[in-house]
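Participant: Would you mind keeping the following structure in view while I ask a few things?
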Amino acid sequence: MFIGVLFLSACGSKNQNISESNPLSTEDTYFGLNPPGMEAELLELNNMSQKGWELGGVNAPNMKEFYLISTLETPLRPIVISFRKENRAWKKYEFYDTGGDVLYSKDKYIERTDSGWSAIKSLGAPFDTIPIMRLTASSKGTLVYDEATRDGSGILRYSRLINGKREAPKPFDARINTGKWTAHPFIAPDESYIIWDSEREGGYGDSDMYISFRQLDGSWGAAINFGDKINTDGEDGGGYVTPDGKYLSYCPRCSPPYDRMWVDAKIIETLRPKTEK
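Going by my numbering, the sequence shown wraps up at 1114, each residue one higher than the last.
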């Protein structure tokens, strides 16, 4: 029923131009909430407006695909929700904004056009053969993604865009790929750091959030635990920084109802080794 209502709305809409409405602007992203300081606070989802859907457009001549601009599911990080009819059923894809003209959803992506967004495209092999949970991209086009496994042995990989060509994915070294349940990466737009979660020796409980800073020689520094101001004795992770670079959001303990916290992104600089500041 929900899909049907959205589809009828899409059919009845008239040439909405995404560049005019600019629904991915962060101007209204925070819904009037008082932003947090250097201590993490609960993100009060229930206080946010439920009028967060905007029709982005309809793709394909047979109207088998349409998309919406939404801030409902991850209110600190605008996304495009796309619905595509596959095997007589509507399949939902969520594309995350990284500040560029290409948005990704695991092994799929869409591109910004003059009238909205393109049809869903595939990254192709080998991305479409890996059970990716999260894929993020830098402004340079570098992709960083994880791998879902049943035993927690998955690792993080990256793929750079060199002279317009996508290189074969490579695994990060042991400074990042150590421990179990290494997942949910976020790479900074300028590639200055990577955030992820993993279960490692010396952590606070199950999975903790970690960060690695880019070194002057281009390598990645040692994994730094976010500490007890962020991590708990439970499973913590799913961290990302808002497109405007102001706030870090993450999931503490990562169990139902999957509440999210947010904190001033300046906390990241407090973790940077003094020799790098």
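Idealized CB from N, CA, C, for every residue including glycine.
Closer than 7 angstroms by C-beta to P963: which residues in its own chain qualify, once you throw out the five before and the five after it? Chain order, please.
Facilitator: What you label residue 963 is simply residue 126 of the sequence shown in a count that begins at 1. For P963, where only same-chain residues beyond five positions count, the Cβ hits under 7 angstroms are P1006.
Participant: Return the Cβ separation of A1020 and D1010 in integer angstroms, given the expectation that the two are a contact with Cβ distance under 8 angstroms.
Facilitator: Position 183 of the sequence shown, counted from the first residue, corresponds to residue 1020. Position 173 of the sequence shown, counted from the first residue, corresponds to residue 1010. Contact between A1020 and D1010 fails: their C-beta atoms lie close to 17 angstroms from each other, not under 8 angstroms.
Participant: Considering Cα atoms alone, identify which of D1081, Y904, K945 is closest to G953.
Facilitator: Stepping through the sequence shown from its first residue, residue 953 is reached at position 116. Comparing Cα-Cα distances from G953 to each of D1081, Y904, K945, the minimum goes to Y904.
Participant: What are the start and end residues of each continuous alpha helix (DSSP H) run of 4 or more residues lying completely inside the stretch 950-1031, in chain order?
Facilitator: none
Participant: Please name the residue in T950, P1110, R1090 whose C-alpha comes closest to that of T1069.
Facilitator: Here residue 1069 corresponds to residue number 232 of the sequence shown, with the count starting at 1. If we check each option's Cα against that of T1069, R1090 comes out closest.
Participant: Which residue wins for smallest C-alpha separation from S1049, given the options W927, I999, P968, R1109?
Facilitator: Locating residue 1049 in the sequence shown gives position 212, counting from the first residue. Selected option, being the one with the closest Cα: R1109.
Participant: Does the beta-carbon distance from V1120 to I1031 come in below 8 angstroms?
Facilitator: Given a span of 838 to 1114 for the chain in the structure shown, any question on residue 1120 remains unanswerable.
Participant: For the alpha helix (DSSP H) containing I918, list its first residue and its last residue.
Facilitator: One-based indexing of the sequence shown puts residue 918 at position 81. Segment 916-923 is the beta strand (DSSP E) holding I918; no alpha helix (DSSP H) there.
Participant: For I1067, name the three-state secondary structure that DSSP assigns.
Facilitator: Position 230 of the sequence shown, counting from 1, holds the residue named residue 1067. Looking at I1067 - three-state DSSP - the assignment turns out to be coil, as it is neither helix nor strand.
Participant: Could you give the DSSP three-state label for K1111: helix, strand or coil?
Facilitator: Taking the first residue of the sequence shown as 1, we reach residue 1111 at position 274. K1111: helix per DSSP, three-state reduction.
Participant: Please name the residue or residues paired with A926 in a DSSP beta bridge.
Facilitator: Taking the first residue of the sequence shown as 1, we reach residue 926 at position 89. The beta-bridge partner set that DSSP reports for A926 consists of E923.
Participant: Please classify A1060 as buried or exposed, where buried requires at least 16 neighbouring CB atoms within 10 angstroms.
Facilitator: Counted from its first residue, the sequence shown places residue 1060 at position 223. When all chains shown are included, A1060 counts as buried.
Participant: According to DSSP, is E1106 helix, strand or coil?
Facilitator: The residue labelled residue 1106 in the question sits at position 269 within the sequence shown. Residue state, collapsed to three classes: helix.
Participant: Apply the 10 Å Cβ neighbour rule to R1012 and answer buried if 16 or more other Cβ atoms are within range, or exposed otherwise.
Facilitator: Here residue 1012 refers to the residue found at position 175 when the sequence shown is read from its first residue. So R1012 ends up on the exposed side.
Participant: Quick one: what does DSSP say F948 is sitting in, helix, strand or coil?
Facilitator: Position 111 of the sequence shown holds residue 948. Sequence check: residue 948 is Glu here, not Phe. E948: strand per DSSP, three-state reduction.
Participant: Using CA atoms only, rank isn't needed, just tell me which of S990, I1104, D983 is closest to A877.
Facilitator: Here residue 877 is taken as the residue at index 40 of the sequence shown, counted from 1. Per the Cα distances, I1104.
Participant: From S886 to L870, what does the alpha carbon distance come to, in whole angstroms?
Facilitator: In the sequence shown, counting from the first residue as 1, residue 886 sits at position 49. In the sequence shown, counting from the first residue as 1, residue 870 sits at position 33. For S886, the predicted structure reports a pLDDT of 43, less than 50, and the residue's modelled location is therefore unreliable. A value from the coordinates is still provided. Approximately 11 angstroms, taken between the alpha carbons.
Participant: What is the DSSP secondary structure of M1046, counted as helix, strand or coil?
Facilitator: For the purposes of this step, residue 1046 is identified with residue 209 of the sequence shown, where counting begins at 1. It is a strand residue.
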